[in-house]
Amino acid sequence: MGANAKVQPKWFTIEVSGQSMLPTLKPGDYLLLKRTDKFKSGQIVLLEDSAFRLVIKRLSAITNGQWQVLGDNPELSRDSRIYGLVKPDQIKAVVVARYWPWPKLITAHV
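Residue 19 in numbering that gives the first Met the number 0 sits at position 20 of the sequence shown; the count goes up by one each step and never skips.
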């Protein structure tokens, strides 16, 4: 018996590497994320951009079933202002908390 299943954990962690989400998130921050298909405006999410890179952005608004995503640092962010709206299947997870340095919950919109 064989299987071609792709197992993905519901919860996982990542390290922030860019400056597009300053001052909210900084390079070197470690984040706890949760896979889900339910999103709300204001949430910080991990998504696949138009160049198939994984990036962290904030959900801003939904239009015709697609999301506008923005970085908290507009001067250093490549976001919907450059590559347009994002389909829900491009959103991979929601940021729940920063656990390093010192924990900071980001659950207001989870």
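Built from N, CA and C at the ideal position, the CB exists for glycine as well.
Quick caveat, the model's predicted, so the values are computed rather than measured.
If you draw a straight line from the Cα of Glu14 to the Cα of Leu30, it comes to about 6 Å.
Under the three-state reduction of DSSP, Gln67 is assigned to strand. If you draw a straight line from the Cα of Trp101 to the Cα of Val68, it comes to about 27 Å. Checking the DSSP bridge columns, you'll see Lys33 partnered with Trp10, Val93. For the set Pro73, Phe11, Leu75, the Cα lying nearest the Cα of Lys33 is the one of Phe11.
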